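Numbering (the working numbering), first residue to last: 11 to 279. Virtual Cβ for every residue (Gly too), placed ideally from N, Cα, C. The structure displayed is predicted, hence computed values, not measured ones. Notes follow once the structure below has been shown.
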């Protein structure tokens with residue numbers, strides 16, 4: 011009986027500790043998600059937000075030097091989301107608007123609910139969100155930075171998103187395929203850099219800008235990922251009934267945007 015009592019106490023202790031750890035984890039992520047946006051807005055500096063994002067990823071850096079680069083590559087998607095939220099907050103101004111609260115809500119939801127996902131669909135959603143937010147932030151930066159920096163940033167976004175999904179799927183040519191993904195993103199961003207097209211929306215006196223490129227890249231990435239996933243499942247064979255729906259969807263959406271919604275917002279040159 012005494013043994014069972016000790017076992018019951020041990021199980022209760024473990025459950026209590028796990029519950030406390032989960033509570034603290036949610037609380038810290040809540041503070042990071044809201045606090046980083048508020049502090050960036052109040053101080054009017056993106057540096058404060060960047061520092062908070064980096065501090066929150068301390069485990070990434072708390073390794074031996076030979077594992078540091080691998081850790082950075084594995085956490086690129088999370089870094090892209092965090093830095094993009096901070097940059098978009100910074101460019102939204104120092105007066106709190108709907109955009110600031112939306113970014114705070116999204117970043118909090120990302121940290122607590124989306125980031126922990128580990129399924130195939132979950133990692134794909136994470137990659138698509140990183141591509142979208144990262145490209146929105148990059149497009150805003152494009153008016154003040156040389157094109158070479160924009161191409162480099164998009165390469166990192168494409169590389170990080172590709173690696174994130176391919177690693178989940180157990181892709182054998184992980185390094186090569188990730189590199190190809192980064193190069194494709196860099197090439198597309200370079201082609202689109204001189205002719206920026208954006209869609210502007212005003213909601214509750216808040217201006218929201220969505221670049222056309224931030225729509226194109228996630229769609230292209232989604233289509234390619236679906237095709238590769240189908241080919242991998244069927245031993246490198248193309249099954250038309252599986253790969254045609256995402257291809258048709260992607261082509262139609264891009265064609266409609268190019269033909270009907272492509273008035274340039276500004277020309278950098």
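Answer yes if the stretch 93 to 105 comes into contact with the stretch 139 to 155, meaning at least three C-beta pairs across the two stretches below 8 Å, and no otherwise. yes
Which same chain residues, not among the five before or five after residue 184, have their C-beta less than 8 Å away from its C-beta? 173, 176, 177
Among 90, 100, 106, the one whose alpha carbon lies nearest that of residue 120: 90
Residue 131, enclosing beta strand (DSSP E) - first and last residue: Not the beta strand (DSSP E): residue 131 falls in the alpha helix (DSSP H), residues 130 to 151.
Check whether the stretch 64 to 74 touches the stretch 102 to 112, taking contact to mean three or more Cβ pairs, one atom from each stretch, closer than 8 Å. no
Tell me which residues share the same chain as residue 256 and place their Cβ nearer than 8 Å to its Cβ, disregarding the 5 neighbours each side in the sequence. 232, 233, 236, 237
Contact under 9 Å by Cβ, residue 267 with residue 226: yes
At least 3 beta-carbon pairs within less than 8 Å: the stretch 209 to 217 vs the stretch 153 to 166: no
For the beta strand (DSSP E) containing residue 211, list its first residue and its last residue. 208 to 213
Where residue 264 and residue 207 are concerned, what is the direct C-alpha to C-alpha distance, given to the nearest angstrom? 13 Å
If we ignore side chains and look at the alpha-carbon of each, how far apart do residue 30 and residue 36 end up? 10 Å
Residue 167 and residue 140 - do their beta-carbons sit closer together than 9 Å? yes
9 Å Cβ cutoff met for residue 154 and residue 169: no
On a Cα-Cα basis, can you pick out the residue from 205, 228, 132 that is closest to residue 195? 228
Taking DSSP's pairing of strands, which residues face residue 96 in a bridge? The partner list for residue 96 (beta bridge, DSSP) is empty, contrary to what the question assumes.
Tell me which same chain residues have a C-beta within less than 6 Å of the C-beta of residue 202, skipping the five on either side of it? 223
How long is the line joining the alpha carbons of residue 130 and residue 64, rounded to whole angstroms? 26 Å
Secondary structure of residue 219, DSSP reduced to three states: strand
Looking at the ligand HEM, does it come within less than 8 Å of residue 240, judged from the CB to the closest heavy atom? Of ligands this structure carries none, so the ligand HEM is not represented either.
As assigned by DSSP and simplified to three states, the class of residue 74: coil
Give the C-beta separation of residue 248 and residue 258 to the nearest angstrom, bearing in mind that I take them to be a contact with Cβ-Cβ under 8 Å. Actually they are not in contact, since the Cβ atoms of residue 248 and residue 258 sit about 15 Å apart, beyond 8 Å.
For residue 7, three-class secondary structure by DSSP: This structure leaves residue 7 out entirely; the chain is present only between 11 and 279.
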